[in-house]
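Structure record follows, encoded as structure tokens.
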Amino acid sequence: MTSQTGLQVSAPPALVRCRTLVEPALRAAVRGLHPLPRRMASFSLGWCDADGTPSAAPGGKGVRQALAVLGAEAVGAAGDVAVPAAVAVELVHTFSLVHDDIMDGDERRRHRDTAWKAFGTGPAVLTGDALFALAVQTLARTGGEHGGEAVRLLAEALGELVHGQADDLLFEARPWVGPDAVGISEYRAMAGRKTGSLLGCATALGPVLAGAPPLLVGALAEAGRQLGLAFQAVDDLLGIWGDPLTTGKPVHSDLRRRKKTLPVLAAMALDPAAGRRLAALLGPGGPVEEADARRAADLVEEAGGRAFALAEARRHAAAAHACLRGVPLAEHAVGELVALSEYLVERQL
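Quick note: the sequence shown, position 306, residue 1256 per the numbering used here, numbers continuous.
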């Protein structure tokens, strides 16, 4: 993988190690679903094709499950303590993607049809619901002294995630300019809920199941939330300039959908003249043509929106590192968390 600077950015070994640890339990959990949502969940996770044939299609990066495992290791516990937490957050993440693709009308994810496109909207909604329920069941079945606290933490993150997604949907109906336009501060609050909440939950759930003290749980939760904000800023960059061979989506996809993302909002705030031109290109009407989307991408970059979003991602990653360094945690796990954050910020742009 190549970064914006042209340097190779390799996935950290912790991602592979944690996925190897968690995947057997994740597959076992999905096997317990009804056959229809089971096949659709397996498809969404990259395990099979739409007809059920086993597939080598690449799934997600496994960031959230890795955060759960590394969070537990950071407080001195064995990584397998966090496996139920890792399964739960991966199921929630997959549920959110299935439903997001329906709401956004996205037809492609990871180089193939999205679940609703492959199976229909109704079955995709049902599959998202099944994954949501399975995530909660997975944590509830852990039992033990800390199971209840883990379920509470996940429920709070789910509430925040829904709040953030609702804000994101409402942003679509608001104008690009004027007193009702979406501001950067509003965007940050939305991203903190929609993306930061689940990453913060993931990083805290392993420590909760391990019985870590509140000081350490809180520091890891905040580190995860900051990493989520960095992750979202980079996703916004990829939604405009990402290589389709890497993202699995068309180039300029967010611009063609008129999505209010950080680079565009920043460009409008930094350069009002460019903002007016962007509003004209992305204003209400029919689909944004590719030529207009390309011009809008150039305007965003010229106005400083691309640089602003990348700086924002790096700032939040640094804040995550400060959280990790500010409390007594296992150094090897902190190092792996820092390496993971650097990989997520510097992935291909």
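In this text, a Cβ means the ideal position worked out from N, Cα and C, and glycines have one as well.
- Arg981 and Val1075 have their C-alpha atoms roughly 19 Å apart.
- DSSP places Asp999 outside both helix and strand once states are collapsed to three, so it counts as coil.
- For Ala1105, the enclosing alpha helix (DSSP H) starts and ends at 1097 to 1122.
- Cβ neighbours of Ala1085 within its own chain (closer than 6 Å, five residues either side excluded): Ala1038, Leu1041, Val1042.
- Shown here, Pro974 sits in a helix according to DSSP, grouped into three states.
- Distance check between Lys1144 and each of Val1013, Lys1199, Leu1111 places Leu1111 closest, using alpha-carbon atoms only.
- When rounded, the separation of the alpha-carbon atoms in Pro1213 and Leu1188 is 10 Å.
- Beta-bridge analysis with DSSP links Arg1062 to Arg1059.
- Per DSSP, the continuous alpha helix (DSSP H) segment holding His1271 begins and ends at 1255 to 1275.
- Within the same chain, Cβ atoms closer than 6 Å to the Cβ of His1049 are found at Gly1078, the five residues on either side in sequence being excluded.
- Short of 7 Å from the beta carbon of Arg1264, and not among the five residues preceding or following it, lie these beta carbons of its own chain, in chain order: Val1295.
- Rounded to the nearest whole angstrom, the CA to CA distance from Ala1105 to Gly1070 is 28 Å.
- Sequence-distant partners of Ala1269 (beyond 5 residues in either direction) whose C-beta falls short of 6 Å from its own C-beta, in its chain, are Gln1176.
- From the listed residues Ala1272, Leu1215, Leu1149, Leu965, the smallest Cα separation to Phe1121 is found for Leu1215.
- In the structure shown, Pro985 adopts helical secondary structure according to DSSP, grouped into three states.
- Taking the Cα of Met990 as reference, the smallest distance to any Cα among Ser960, Gly1072, Leu1017, Cys968 is reached at Gly1072.
- The DSSP-derived three-state label of Pro1004 is strand.
- About 7 Å separates the CB atoms of Val1025 and Leu1279; that is less than 8 Å, so the two are in contact.
- Taking C-alpha positions only, Val1288 is separated from Leu986 by approximately 39 Å.
- One thing to note: Ala1183 has its Cβ within 8 Å of the Cβ of Ala1259.
- The three-state secondary structure of Pro1125, taken from DSSP, is coil.
- In this structure, Gly1174 places its C-beta atom within 8 Å of the C-beta atom of Thr1153.
- Taking the C-beta atoms as reference points, Arg1058 is found nearer than 8 Å to Lys1199.
- Taking a contact as a CB-CB distance under 8 Å, the pair Arg1227 and Leu1249 counts as one, their CB atoms being some 6 Å apart.
- DSSP places Glu1136 in the uninterrupted alpha helix (DSSP H) bounded by 1134 to 1141.
- Sequence-distant partners of Leu1103 (beyond 5 residues in either direction) whose C-beta falls short of 7 Å from its own C-beta, in its chain, are Cys1151, Ala1154, Leu1155, Val1158.
- Less than 8 Å separates the beta-carbon of Arg1124 from that of Asp1130.
- Secondary structure note for Pro1237: it is in no alpha helix (DSSP H), with a DSSP letter that is neither H nor E.
- With contacts defined by Cβ atoms closer than 8 Å, Ala1100 and Ala1035 form a contacting pair.
- Inclusion of Gly1021 and Glu1095 in the CB contact set at 8 Å is not warranted, their separation being larger than that value.
- Only residues of its own chain outside the window of five on either side were considered, and among them Leu1111 have a CB closer than 7 Å to the CB of Ser1046, listed in chain order.
- In the displayed model, His1049 falls within a helix according to three-state DSSP.
- Using a Cβ distance threshold of 8 Å, Gly1114 and Ser1135 do not count as a contacting pair.
- Taking the C-beta atoms as reference points, Cys968 is found no nearer than 8 Å to Gly1010.
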